[in-house]
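Peer 1: Residue numbers (my numbering), protein chains in the order written: chain Z, 1 to 100; chain L, 101 to 200; chain V, 201 to 665; chain C, 666 to 1130. Got a structure here, written out as structure tokens. Questions coming.
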Ligand SMILES: NC(=O)c1ccc[n+]([C@@H]2O[C@H](COP(=O)([O-])OP(=O)(O)OC[C@H]3O[C@@H](n4cnc5c(N)ncnc54)[C@H](OP(=O)(O)O)[C@@H]3O)[C@@H](O)[C@H]2O)c1
Ligand SMILES: NC(=O)c1ccc[n+]([C@@H]2O[C@H](COP(=O)([O-])OP(=O)(O)OC[C@H]3O[C@@H](n4cnc5c(N)ncnc54)[C@H](OP(=O)(O)O)[C@@H]3O)[C@@H](O)[C@H]2O)c1
């Protein structure tokens, strides 16, 4: 009677699409540019895979081909993570209310 | 490295709360009464548990105590399911646009 | 049916339930939404049959019970008058609650059938989920029964309070937790029965101190509870359809309670701790009656409205009580034939339940695009000749805008006083739900029409021809 | 770290990402939202370290690479001018795409590390997910690079079309599917490399026929793709943070593309199949120039606005090109000191990217509660003395309301012509993005101010003192 974890992941995926749909539609239009940059940043959680790839060692050598691709992916993802969050922060910092 | 299915169910539960939050806020106020009756109807999916309870037979006898509770639960849930969906339908049928 | 396949179908059924609620975002899509809900339910039931796979006598009995219950439900659904929706919802809730209790009991008595272990050796997590499900279900049941009785008038709507109430509730609450703990430790079934029994009493005690008019908030709250109970049992049964639905229903009830409290300008705890509404209704009557009031009859009203170029109708709880919606529609039709522009203005908490007025107007065949919400219509009163306020009171009370001391201060209200003249149809000068006098009754441009809402509207109609 | 614990943390990190996007529903909550996002990322990375549990040399290298990448990212983030946001987003997308490809390659080369089987015997499902992730990632990469080059002006913005283009794309599409099929059947690695190579080419071929001005739609679309690629890899890695994020990003990109197409009144396919925009910009110029046009100078404009009681500013793409936002804010400050009521009106697709104008105005310290969206402000033009249209064109074009033949017919526009006088700051009579002549230039109540937006605004400012 065990259920395949894939089905659970599918459920999570589908429910997340619903959440994404609603969450994005509720973003105010004046923040659509920060939305683009922050989705950019969060989609770089792919760094998780990159770290696994970089640290996977079947042998003693650290820099096998698979690892090198992992390290390169870490580099790219890191640019995105830092760049994405920081540029978003910079933009959001600029949105100010009228001083009264 | 197997993940406990409970964690997946927890994920499903939490994501569903997000979905519920957004979906309910997007219901138009003029349909709040049908919303109450339809949530009534769908919360009767608990009938699923009632059916399992009713049909569970460790022995030959159909009507053991556990089964009886199952059958009673089926009865109650069925009132709710039919009653809830039909009264919702009846209400929704009444919402009409201006004839032009 | 394999566990994987049925899991997929339960997921589909959960998604169909989401789509059912999503449909309610507009009247056009709402009917399709309801069909999604029905489809989801059919899938869930069918899959359960196929998974259990026991097609003997028991199967036939299940069908019989489904049919009996279904017939009762269908009968109720077709016979219930639209004005009785709050009672109906309360009644149905009590059934869901009881069903949850019964399922929990079966699972406790026959854990093997649910894969939860064996009697006396039920998995800890399952036992906790099961007890919570049973307790919340029992509270939902007895609470809803009291709500139902209060709404039906079978029990006094007055809040029943006594000394030490909060202390009693607190100690019972603690005893429930202790019982669950003992049950998990010893697996002795008597603790389980005691738990259910005490939970029934809690539901009872929680609701009796709350005034009859506050019942809608209570019902939504119970709705929310029943959702969380269903989710709890969903974890026990490892069923995603139940988990998803539980979360949906739980959120829905919570949000509706929030909307109501917000619309009434009261905090949730103020409602739940009880004693408002019904008591005050009698207190504030005495001192005011001396102020001069202009009162008129159906003839005056008909004259005013016939010669108006635009009229806004403001229905309230009194319209529901008098069942005046059909008469009202006919009156509006007659006015329109006379070339008068008519629209309806609905306050978010007009009536006694969210969307109450909308359902009644829809029942009387009022097209929903003539019915406007507060924000859409509130600026139009300034350009309108007559506001016809039928059985509404609190939702027009300008004290909410002017007097910071008033209990409804800050609640949004309909600016009927801005229209050239205001007609108030009600039976007396007595206040509404909030128990506060309405200054508008004594204004220059107000004409009171003291009568039952339905009778008065019918008479006006006669005078219009 | 146990698999269960890390699964819970990945879930938390996914939820934090949801809250990050949720924060963007208002400027007040948006900064907190961004912190949620950062927290989610920190959790995901930390958990991954603890799960892998390899704290040797490799760990230090990982840190070094993270730091190098982070420094580059931070440097870019601080140096980039706000007007270059579209390019920046395109550039960052290309990196996500490439990272996805690299991860897929590693997983293919060392499947054991990811629990996917062994080389030459990778689980079928994983192989499919991996190939899809790699292919979509590669398309995202090369597509974003082209988009970046077109936006930067390093490559001609003109759509590059040739015969048989659609046929070529179709056959490549089919060959990708065939390759994935062969790969799954034989597990021969050359198919995998070929797949990635061809996908790079597809991204290239898909984007070159699209005009430079259509790039924002393309970027959003690629954003959506990169989300689905991330989700695909999330399935491979059995990681819920990635699955949740992928779904969020996928929806976000799709919705933004939809909003843009809707705002431009074009279908998504019309954009993707290419060749609009950039070409037409030159065609429709010729015949019109003979009509009489009233043109003025900074002095006239200053006089008009100083004596107005209310002014609405309508910024457009030209403001971004001229970087006129700071000058504009100063001009508005001067007007306010003169007692003029000023507000900003933003069309949903003003500029070249959703929210483009809002970011620029925010950069110039314009408070966001002085900035209004189309629906909020459109009725105010009728009561306004001067509409100051700075570098905007299409978003004011009344042909969208009057001429069913026009390509922008039906697109909502700002009713600037209803104000007493309209000032148009632009360098010539040439049309905007949509390539359609704007009738407003020739109207009685329009004054054209032919100049660069920034220079003109600065001159007006001088004349105001
Ligand atoms: N909608 C919700 O969800 C909800 C939930 C809970 C509480 N509430 C509360 O309910 C109130 C609703 O406001 P409301 O303006 O609709 O109602 P209201 O303020 O309660 O006033 C109803 C009025 O109708 C009159 N009435 C009763 N029966 C009548 C009949 N047969 N014919 C003519 N008039 C009749 C009553 O005056 P007479 O006795 O003089 O006739 C009463 O003043 C608000 O205070 C709101 O906070 C609403
Ligand atoms: N926002 C989005 O998401 C998005 C995405 C894709 C496409 N679009 C499209 O972009 C258009 C946006 O409308 P819009 O009104 O903002 O822009 P527009 O219609 O493209 O017009 C911009 C105007 O600015 C003028 N301009 C350019 N540089 C200037 C400078 N340095 N100083 C002064 N004026 C200058 C140009 O006229 P001169 O050459 O005569 O100076 C041009 O007519 C819409 O058609 C929309 O559909 C928007």
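All C-beta atoms, glycine included, are put in the ideal place defined by N, C-alpha and C.
Tell me, to the nearest whole angstrom, how far the beta carbon of residue 262 of chain V is from that of residue 142 of chain L; I am working on the premise that it is less than 8 Å.
Peer 2: Here residue 262 of chain V corresponds to residue number 62 of the third chain, with the count starting at 1. Here residue 142 of chain L corresponds to residue number 42 of the second chain, with the count starting at 1. Contact flag wrong, Cβ pair sits at about 20 Å.
Peer 1: Tell me whether residue 633 of chain V counts as near ligand 1, meaning its Cβ is closer than 8 Å to at least one heavy atom of that ligand.
Peer 2: Here residue 633 of chain V is taken as the residue at index 433 of the third chain, counted from 1. Correct: residue 633 of chain V has its Cβ closer than 8 Å to ligand 1.
Peer 1: Check whether the Cβ atoms of residue 616 of chain V and residue 657 of chain V lie closer than 9 Å to each other.
Peer 2: In the third chain, the residue the question calls residue 616 of chain V occupies position 416. In the third chain, the residue the question calls residue 657 of chain V occupies position 457. No, the Cβ-Cβ distance between residue 616 of chain V and residue 657 of chain V is not below 9 Å.
Peer 1: Distance, Cα to Cα, residue 1070 of chain C vs residue 1063 of chain C?
Peer 2: Your numbering for residue 1070 of chain C matches position 405 in the fourth chain. Your numbering for residue 1063 of chain C matches position 398 in the fourth chain. Rounded to whole angstroms, residue 1070 of chain C to residue 1063 of chain C spans 13 Å at the Cα level.
Peer 1: What is the residue span of the alpha helix (DSSP H) that residue 631 of chain V lies within?
Peer 2: Working through the third chain from its first residue, we reach residue 631 of chain V at position 431. Taken as a continuous stretch (DSSP letters only), residue 631 of chain V belongs to no alpha helix (DSSP H), as it is neither H nor E.
Peer 1: For residue 255 of chain V, does the three-state DSSP call read helix, strand or coil?
Peer 2: Position 55 of the third chain, counted from the first residue, corresponds to residue 255 of chain V. If DSSP states are grouped into helix, strand and coil, residue 255 of chain V belongs with coil.
Peer 1: Quick check on DSSP: helix, strand or coil for residue 289 of chain V?
Peer 2: By 1-based counting over the third chain, the position of residue 289 of chain V is 89. Residue state, collapsed to three classes: helix.
Peer 1: Which residue marks the beginning of the alpha helix (DSSP H) containing residue 1006 of chain C, and which one marks its end?
Peer 2: What you label residue 1006 of chain C is simply residue 341 of the fourth chain in a count that begins at 1. Membership of residue 1006 of chain C in any alpha helix (DSSP H) is not indicated; the residue belongs instead to the beta strand (DSSP E) covering 1006–1011.
Peer 1: If the cut is a Cβ gap below 9 Å, which residues of chain L does residue 241 of chain V touch?
Peer 2: On the third chain, position 41 is the one that residue 241 of chain V refers to. Correct list: 141, 142, 144, 145, 147, 181 and 185.
Peer 1: Name the one or two DSSP bridge partners that residue 432 of chain V has.
Peer 2: Here the question's residue 432 of chain V lines up with position 232 in the third chain. Bridge partners of residue 432 of chain V: none, in fact.
Peer 1: Does residue 456 of chain V have its Cβ less than 9 Å from a Cβ in chain Z?
Peer 2: Locating residue 456 of chain V in the third chain gives position 256, counting from the first residue. Chain Z, which has no Cβ nearer than 9 Å to the Cβ of residue 456 of chain V, makes this no.
Peer 1: Smallest Cα separation from residue 394 of chain V: which of V:231, V:280 and V:301?
Peer 2: Walking along the third chain from the start, residue 394 of chain V turns up at place 194. When each option's Cα is compared against that of residue 394 of chain V, the closest is V:301.
Peer 1: What residues in the stretch 671–687 of chain C bring their beta carbon closer than 7 Å to a beta carbon of chain L?
Peer 2: 672, 673, 676, 680 and 683
Peer 1: Please report the distance separating the alpha-carbon of residue 666 of chain C from that of residue 713 of chain C.
Peer 2: For this step, residue 666 of chain C is matched to residue 1 along the fourth chain. For this step, residue 713 of chain C is matched to residue 48 along the fourth chain. Taking the straight line from one Cα to the other gives about 9 Å.
Peer 1: Could you tell me whether the Cβ atoms of residue 729 of chain C and residue 49 of chain Z are closer together than 9 Å?
Peer 2: Mapped onto the fourth chain, residue 729 of chain C falls at position 64. Mapped onto the first chain, residue 49 of chain Z falls at position 49. Contact: no.
Peer 1: So if I threshold CB-CB distances at 7 Å, which residues from the stretch 12–31 of chain Z count as touching chain C?
Peer 2: 12, 13, 16, 17, 19, 20, 21, 23, 24, 25, 26, 27, 28, 29, 30 and 31
Peer 1: How about the stretch 584–599 of chain V and the stretch 626–646 of chain V: do they share at least three Cβ pairs that are nearer than 8 Å?
Peer 2: yes
Peer 1: Take the Cβ of residue 414 of chain V as the centre, count every other Cβ of all protein chains shown within 10 Å, and call the residue buried at 16 or more, exposed below.
Peer 2: Sequence index remark: in the third chain, residue 414 of chain V carries index 214 (1-based). Buried is the call here.
Peer 1: Tell me which same chain residues have a C-beta within less than 7 Å of the C-beta of residue 840 of chain C, skipping the five on either side of it?
Peer 2: On the fourth chain, residue 840 of chain C is found 175 positions in, with the first residue counted as 1. Excluding residues within five positions, the ones whose Cβ falls inside 7 Å are 863.
Peer 1: Go through its chain and collect everything with a Cβ distance to residue 900 of chain C's Cβ below 6 Å, but skip five positions before and after it.
Peer 2: As a first step, residue 900 of chain C must be located in the fourth chain, where it is residue number 235. The residues are 794.
Peer 1: Does the CB of residue 109 of chain L have a neighbour CB from chain Z at under 9 Å?
Peer 2: Mapped onto the second chain, residue 109 of chain L falls at position 9. At least one chain Z Cβ lies under 9 Å of residue 109 of chain L.
Peer 1: Report the three-state DSSP secondary structure of residue 946 of chain C (helix, strand or coil).
Peer 2: For the purposes of this step, residue 946 of chain C is identified with residue 281 of the fourth chain, where counting begins at 1. Model confidence at residue 946 of chain C stands at a pLDDT of 41, short of 50, so the residue's coordinates are unreliable and nothing is read from them.
Peer 1: Examine ligand 1 and report whether any of its heavy atoms sits within less than 8 Å of the Cβ of residue 652 of chain V.
Peer 2: Your numbering for residue 652 of chain V matches position 452 in the third chain. Yes, the Cβ of residue 652 of chain V comes within 8 Å of a heavy atom of ligand 1.
Peer 1: Just confirm the distance between the C-beta atoms of residue 574 of chain V and residue 548 of chain V, as a whole number of angstroms; I'd bet it's less than 8 Å.
Peer 2: Sequence index remark: in the third chain, residue 574 of chain V carries index 374 (1-based). Sequence index remark: in the third chain, residue 548 of chain V carries index 348 (1-based). That belief holds up - the Cβ atoms of residue 574 of chain V and residue 548 of chain V are roughly 6 Å apart, short of 8 Å.
Peer 1: Distance, Cα to Cα, residue 206 of chain V vs residue 920 of chain C?
Peer 2: Locating residue 206 of chain V in the third chain gives position 6, where the first residue counts as 1. Locating residue 920 of chain C in the fourth chain gives position 255, where the first residue counts as 1. Their backbone Cα atoms lie some 32 Å apart in a straight line.
Peer 1: Quick check: does the Cβ of residue 1061 of chain C come within less than 8 Å of any heavy atom belonging to ligand 2?
Peer 2: By 1-based counting over the fourth chain, the position of residue 1061 of chain C is 396. Yes.
Peer 1: In chain order, what residues of the same chain have a beta carbon less than 6 Å from the beta carbon of residue 889 of chain C, not counting five sequence neighbours either side?
Peer 2: Along the fourth chain, read from residue 1 onward, the residue named residue 889 of chain C stands at position 224. Counting only residues of its own chain and dropping the five nearest sequence neighbours on each side, residue 889 of chain C has a CB closer than 6 Å to the CB of 915, 918 and 919.
Peer 1: What are the partner residues of residue 623 of chain V, as DSSP defines its beta bridges?
Peer 2: Walking along the third chain from the start, residue 623 of chain V turns up at place 423. In the DSSP assignment, the residues bridged to residue 623 of chain V are V:588 and V:647.
Peer 1: Does the Cβ of residue 646 of chain V have 16 or more other Cβ atoms within 10 Å, making it buried, or fewer, making it exposed?
Peer 2: Counting from one through the third chain, the residue named residue 646 of chain V turns up at place 446. Flag for residue 646 of chain V reads buried.
Peer 1: Taking residue 1092 of chain C as the reference, which of C:1065, C:1017, C:998 and C:986 has the closest Cα?
Peer 2: Position 427 of the fourth chain, counting from 1, holds the residue named residue 1092 of chain C. When only C-alpha atoms are compared, the closest one is C:986.
Peer 1: Which residues in the same chain have their Cβ closer than 8 Å to the Cβ of residue 285 of chain V, if we skip the five residues on either side of it in sequence?
Peer 2: On the third chain, position 85 is the one that residue 285 of chain V refers to. Hits under 8 Å: 553, 556 and 559.
Peer 1: Starting from residue 7 of chain Z, follow its DSSP beta bridges and name the residues at the other end.
Peer 2: Counted from its first residue, the first chain places residue 7 of chain Z at position 7. BP columns for residue 7 of chain Z are empty, so no partner.
Peer 1: Rounded to the nearest angstrom, what separates residue 811 of chain C and residue 835 of chain C at their Cα positions?
Peer 2: Numbered from 1 along the fourth chain, position 146 holds the residue referred to as residue 811 of chain C. Numbered from 1 along the fourth chain, position 170 holds the residue referred to as residue 835 of chain C. Rounded to the nearest angstrom, the two C-alpha atoms are 20 Å apart.
Peer 1: Residue 909 of chain C CB to nearest chain L CB: under 9 Å?
Peer 2: In the fourth chain, counting from the first residue as 1, residue 909 of chain C sits at position 244. The beta-carbon of residue 909 of chain C is placed less than 9 Å from the nearest beta-carbon of chain L.
Peer 1: What do you get for residue 228 of chain V, buried or exposed, if any count of 16 or more other CB atoms within 10 angstroms of its CB means buried?
Peer 2: In the third chain, counting from the first residue as 1, residue 228 of chain V sits at position 28. Classification of residue 228 of chain V: exposed, given that the 10 Å Cβ count is below 16.
Peer 1: In this structure, does DSSP put residue 572 of chain V in helix, strand or coil?
Peer 2: The residue given as residue 572 of chain V occupies position 372 in the third chain. It is a strand residue.
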